[in-house]
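*Asks:*
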Amino acid sequence: MKRRLELWIGWITAGLVTLILGPLSLIMRELTSIQYKETFLPVFAEQLSEVSVDQGLEFFHRLGNWFGITVVLVLVMTALASLFLNSRYDRRLTGLLYIATGLITLVGSQFLAFVLAFPFFVAGGLCFKKR
231 MKRRLELWIG WITAGLVTLI LGPLSLIMRE LTSIQYKETF LPVFAEQLSE
281 VSVDQGLEFF HRLGNWFGIT VVLVLVMTAL ASLFLNSRYD RRLTGLLYIA
331 TGLITLVGSQ FLAFVLAFPF FVAGGLCFKK R
């Protein structure tokens with residue numbers, strides 16, 4: 231039996247993760263020291279007051295890499311969950327994949343994208359529901 235609701239929830243959420251974390255990843259990875267001083271330093275002045283420009287720039291580059299890896303992992307896990315949901319595999323395995331995707335979204339976004347992780351948890355819970 232095809233479970234279209236879970237598929238829709240998974241792919242729409244994966245698309246939103248890509249649309250939100252993808253550009254953030256690119257922006258942070260390509261950040262120059264001038265852009266950092268003009269844009270990020272005034273916004274995060276209180277948090278970055280003790281940090282040098284090079285250390286702050288390195289922090290945002292690492293955060294951009296982290297977001298990029300998160301986007302790739304979310305897309306791979308959503309594709310696997312969709313594959314298992316459309317095949318004869320046990321739906322509970324798909325539920326676990328969706329829950330793991332939600333956890334990857336949470337941890338990979340440093341708990342910033344908890345709103346995007348919640349639909350993955352919903353899709354995982356729906357996979358455990360018998361129809």
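Residue numbers (our numbering): 231 to 361. Where is the CB? At the ideal position from N, CA and C, for every residue including glycine.
Which residue comes first and which comes last in the alpha helix (DSSP H) that contains residue 289?
*Replies:* Residue range 283-316 is occupied by the alpha helix (DSSP H) that includes residue 289.
*Asks:* Alpha carbon to alpha carbon, what distance is there between residue 324 and residue 275?
*Replies:* 44 Å
*Asks:* Would DSSP call residue 403 helix, strand or coil?
*Replies:* Outside the displayed range of the chain (231 to 361) lies residue 403, so it cannot be described from this structure.
*Asks:* Could you say which of 359, 259, 251, 271 lies nearest to residue 304 if we only look at CA atoms?
*Replies:* 251
*Asks:* Mind checking which residues open and close the alpha helix (DSSP H) that includes residue 364?
*Replies:* A question about residue 364 goes unanswered here, because the residues of the chain that appear run from 231 up to 361.
*Asks:* Using a Cβ-Cβ cut-off of 7 Å (strictly less than) and excluding sequence neighbours within five positions of residue 334, which residues of its own chain qualify?
*Replies:* If we look at residue 334 and ignore the five residues flanking it on each side, its Cβ neighbours are 300, 303, 304, 307.
*Asks:* Using the Cα positions of residue 268 and residue 295, report the straight-line distance between them to the nearest angstrom.
*Replies:* Residue 268 and residue 295 have their C-alpha atoms spaced approximately 21 Å apart.
*Asks:* Can you grab the Cα-Cα spacing for the pair residue 354 / residue 322, in whole Å?
*Replies:* Each residue's alpha carbon lies about 8 Å from the other.
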